[in-house]
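Below is one structure; the comments refer to it alone.
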Amino acid sequence: QNHALLDTVCTEVLDKVPDFNTQGLSNSVYSLGLLKHWHENFLETTSQQALATLDDFSPQHLSSFLHGHALLQFEHPELLLAVGSLARQRLPRFNAQHIANLVYAMAQLDHRDDEFLASACEELQSRWARFND
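If you want the numbering used here, it's the 1-based position in the sequence shown plus 35.
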């Protein structure tokens with residue numbers, strides 16, 4: 036991996052982050068996670084942009100974005116709280132994979148959100164009960 040090139044790319048696009056849509060935010064952070072490339076300024080900037088546009092995130096983009104954070108062990112407490120709150124409200128729109136990804140990412144980041152976990156378990160249990168009907 037060429038970390039110097041990734042550093043340059045991250046630095047060069049910082050001023051363009053406000054123009055990223057939620058898929059762009061999600062894909063860029065998830066990609067950095069897969070590449071195990073830490074660029075604190077880029078991660079902080081994308082996290083702030085995500086907070087500003089959180090309502091626009093689809094379940095897929097939200098779970099991938101947070102999964103990227105988990106892969107890098109990048110903790111952003113304000114973002115984690117906001118994601119947990121938003122996900123709780125929208126759980127019926129999340130498929131099981133999105134829920135599992137969020138639970139996994141929060142666990143990897145040692146973030147405990149009892150309200151989100153309880154809601155996620157309740158949602159998944161209700162789906163299981165409907166499946167058996």
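Idealized CB from N, CA, C, for every residue including glycine.
Nothing here was measured: the structure is a model prediction, and the numbers come from that model.
Opening and closing residue of the alpha helix (DSSP H) in which residue i lies
i      : result
Leu40  : 38-48
Glu110 : Counting along the chain, Glu110 falls outside any alpha helix (DSSP H), and DSSP gives it neither H nor E.
Val52  : Counting along the chain, Val52 falls outside any alpha helix (DSSP H), and DSSP gives it neither H nor E.
Asn130 : Per DSSP, Asn130 belongs to no alpha helix (DSSP H) and is neither H nor E.
Cβ separation of residue i and residue j, assumed to be a contact under 8 Å, to the nearest whole Å
i      : j      : result
Leu137 : Ser82  : The pair is not a contact, with the Cβ atoms about 16 Å apart (cut-off 8 Å).
Leu78  : Leu107 : 7 Å
Leu101 : Ala39  : About 27 Å; that fails the 8 Å criterion.
Ser154 : Arg123 : 5 Å
Leu41  : His72  : 5 Å
Between the CA atoms of residue j and residue i - distance to the nearest angstrom
i      : j      : result
Asn37  : Thr43  : 10 Å
Leu152 : Leu86  : 21 Å
Ala142 : Arg162 : 23 Å
Gly103 : Phe55  : 16 Å
Thr88  : Phe109 : 19 Å
His133 : Leu121 : 13 Å
Gln95  : Arg128 : 10 Å
Leu144 : Gly68  : 13 Å
Cys45  : Gln58  : 16 Å
Inset, instruction - Would you list, in sequence order, the uninterrupted alpha helix (DSSP H) runs of no fewer than 4 residues that lie entirely inside the segment 75-105? - result: Entirely contained in the segment 75-105, the alpha helix (DSSP H) runs reaching 4 residues are, in chain order, 75-88.
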